[in-house]
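*Asks:*
In my numbering, the protein residues as written are 414 to 645.
#1: For residue 359 and residue 570, I'd like the C-alpha separation in whole angstroms.
#2: By alpha-carbon positions, which one of 604, 531, 542 ends up nearest to residue 484?
#3: Going by C-alpha to C-alpha distance, which of 608, 586, 630, 604 sits closest to residue 491?
#4: What residue range does the beta strand (DSSP E) around residue 592 cover?
#5: When you compare the CB positions of residue 493 and residue 469, do they come within less than 8 angstroms of one another, or not?
#6: In whole angstroms, what is the alpha-carbon distance linking residue 465 and residue 568?
#7: Report the rounded CA-to-CA distance for residue 638 versus residue 512, giving the unit in angstroms.
#8: What is the DSSP secondary structure of residue 477, reduced to helix, strand or coil?
#9: Looking at C-alpha atoms only, which residue of 566, 529, 558, 523 is the closest neighbour of residue 539?
#10: Return yes when the Cβ of residue 504 is within less than 8 angstroms of the Cβ of residue 544, no when it is not.
#11: Mind reading off the beta-carbon distance from residue 594 to residue 615? Whole number of angstroms is fine, and I expect it under 8 angstroms.
#12: Could you check what DSSP says for residue 572 in three-state terms: helix, strand or coil?
#13: Starting from the Cα of residue 473, find the closest Cα among 563, 497, 482, 624 and give me that residue.
#14: Report the residue from 617, 500, 640, 482 whose alpha carbon sits nearest the alpha carbon of residue 629.
#15: How about residue 534 and residue 563: do their beta carbons lie closer than 8 angstroms?
#16: If contacts are defined as beta-carbon pairs under 8 angstroms, then residue 641 and residue 575 qualify, I think. What distance do you get, rounded to the angstrom?
#17: What do you reckon, are the CB atoms on residue 580 and residue 636 nearer than 8 angstroms?
#18: Pull up the CB-CB distance for residue 467 and residue 620, whole angstroms please, since I reckon it's below 8 angstroms.
#19: To the nearest whole angstrom, what separates the beta carbons of residue 502 and residue 547, a pair I think is in contact under 8 angstroms?
#20: Check for me: the alpha helix (DSSP H) holding residue 546 runs from which residue to which?
#21: So, under 8 angstroms CB-CB, residue 549 and residue 480 are touching, yes? Tell me the CB distance rounded to an integer number of Å.
#22: Any idea what DSSP makes of residue 468, helix, strand or coil?
Spelled out as structure tokens, the structure:
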């Protein structure tokens, strides 16, 4: 009995949570994905479970102001597919994704098909990437044409459990969250570090499934990037 208990405690001690995201260049393996049709491999890293927003449940509503001071409310887009992108113009991963990686031209491509794309910055005052001017500079640098919304209190970010920039969420036309996680499986942000060179653009895949009237195959993955710069 004593031997069994000791062994169990030893096994539990070996299970450690992955380290939190940093702003340093990513060196870890590509994020693991879970799907709606098959379980993830036994050795895959678990998908993030922070925050109350859950795949298959209604996406938390919000009303945030864009960089021109206009209020944007998620529920006003009922009937349309919506992509939410957690954004920080000063984050190296965001810069890489928008200049070289999977976010380059992604919003323009999908909004041309009727998808709504909203970037959200949950950075608190005094933090990296905070403020109207910094975000306007990012919009100009990355050639963005979709709204950037400011969530200085972090209330919306925490409601979704957003932990990284970029951190992606897809909401279907009925208002249900159908995808949350990384933009792709290349944690360098540039699309160059996918396992075996096979780049999987998870947001693109989710949107393709929705457009085809199918359940989203890969519904949740582990996000990578900078930490969201929440206040206390």
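For each residue, glycine too, the CB sits at the ideal point set by N, CA and C.
Only a predicted model underlies this, so the values are computations on that prediction, with no experimental measurement involved.
*Replies:* If we stick to the structure as given:
#1: Lying outside 414 to 645, the shown extent of the chain, residue 359 is not represented and no answer is given.
#2: Position 71 of the chain shown holds residue 484. Just measuring C-alpha positions, the residue of 604, 531, 542 sitting nearest residue 484 is 531.
#3: Stepping through the chain shown from its first residue, residue 491 is reached at position 78. For the residues 608, 586, 630, 604, the minimum Cα distance to residue 491 belongs to 586.
#4: As a first step, residue 592 must be located in the chain shown, where it is residue number 179. Residues 590 to 594.
#5: On the chain shown, position 80 is the one that residue 493 refers to. On the chain shown, position 56 is the one that residue 469 refers to. By the CB criterion at 8 angstroms, residue 493 and residue 469 fall outside the cutoff.
#6: Along the chain shown, one-based indexing puts residue 465 at 52. Along the chain shown, one-based indexing puts residue 568 at 155. Taking the straight line joining both Cα atoms gives about 12 angstroms.
#7: The sequence position of residue 638 within the chain shown is 225, counting from 1. The sequence position of residue 512 within the chain shown is 99, counting from 1. Cα to Cα, the separation comes out at about 15 angstroms.
#8: Within the chain shown, numbered from 1, the residue matching residue 477 stands at position 64. Residue 477 falls in the strand class under three-state DSSP.
#9: Within the chain shown, numbered from 1, the residue matching residue 539 stands at position 126. Of the candidates 566, 529, 558, 523, the one whose C-alpha sits nearest the C-alpha of residue 539 is 566.
#10: On the chain shown, position 131 is the one that residue 544 refers to. On the chain shown, position 91 is the one that residue 504 refers to. For residue 544 and residue 504, no; Cβs fall outside 8 angstroms.
#11: The count along the chain shown starts at 1 and reaches residue 594 at position 181. The count along the chain shown starts at 1 and reaches residue 615 at position 202. With 8 angstroms as the limit, residue 594 and residue 615 qualify as a contact, their Cβ atoms being about 6 angstroms apart.
#12: As a working note, residue 572 is residue 159 in the chain shown. Note: residue 572 maps to helix in three-state DSSP.
#13: In the chain shown, counting from the first residue as 1, residue 473 sits at position 60. Cα-wise, what sits closest to residue 473 is 497.
#14: What you label residue 629 is simply residue 216 of the chain shown in a count that begins at 1. Per the Cα distances, 617.
#15: Position 121 of the chain shown holds residue 534. Position 150 of the chain shown holds residue 563. Contact annotation: residue 534 and residue 563 have beta-carbon atoms nearer than 8 angstroms.
#16: Within the chain shown, the letter at position 228 stands for residue 641. Within the chain shown, the letter at position 162 stands for residue 575. That pair is a contact at about 5 angstroms.
#17: In the chain shown, counting from the first residue as 1, residue 580 sits at position 167. In the chain shown, counting from the first residue as 1, residue 636 sits at position 223. Cβ atoms of residue 580 and residue 636: closer than 8 angstroms.
#18: In the chain shown, residue 467 corresponds to position 54, counting from 1. In the chain shown, residue 620 corresponds to position 207, counting from 1. Not really, about 20 angstroms apart at Cβ, beyond 8 angstroms.
#19: Looking up residue 502 in the chain shown gives position 89. Looking up residue 547 in the chain shown gives position 134. Indeed they touch by this definition, with Cβ atoms about 6 angstroms apart.
#20: For the purposes of this step, residue 546 is identified with residue 133 of the chain shown, where counting begins at 1. Element bounds for residue 546: 545 to 555.
#21: Along the chain shown, one-based indexing puts residue 549 at 136. Along the chain shown, one-based indexing puts residue 480 at 67. Contact flag correct, Cβ pair sits at about 6 angstroms.
#22: Taking the first residue of the chain shown as 1, we reach residue 468 at position 55. Coil, per DSSP.
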